[in-house]
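Just so you know, our numbering puts the end of the sequence shown at 269, numbered straight through with nothing missing.
Working notes, beginning with the structure itself.
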Amino acid sequence: MTDISKKSTEDLVKTIDEKREELRSIRFDLAGSAKKNTKASVLARKEVARTMTELNARKNVAL
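See the structure below:
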């Protein structure tokens, strides 16, 4: 895992979009029984949460 605080805001937004798309595909795979790795969805959700926390912290500092 890379250090989130060192990434630019644009990179953070891009990361959120990528992880949300990954999470969507994991959900469809689990529903279709194509994949049994449930931990991947947990890790993707946590990564989205970490990234959004950093974005909100930056937004609050700017105010």
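Cβ coordinates follow ideal geometry from the N, Cα and C atoms, glycine included.
- By the C-beta density criterion, K225 is buried, having at least 16 other C-beta atoms within 10 angstroms.
- Taking C-beta separations shorter than 7 Å and ignoring five residues to either side along the sequence, S239 has no partners in its chain.
- Annotated three-state conformation of D235 is helix, per DSSP.
- V254 is positioned such that its CB atom lies closer than 8 Å to that of I222.
- Close CB contacts of T215 within its chain, under the 8 Å cut and outside five residues either way in sequence, are with L261 and R264 (chain order).
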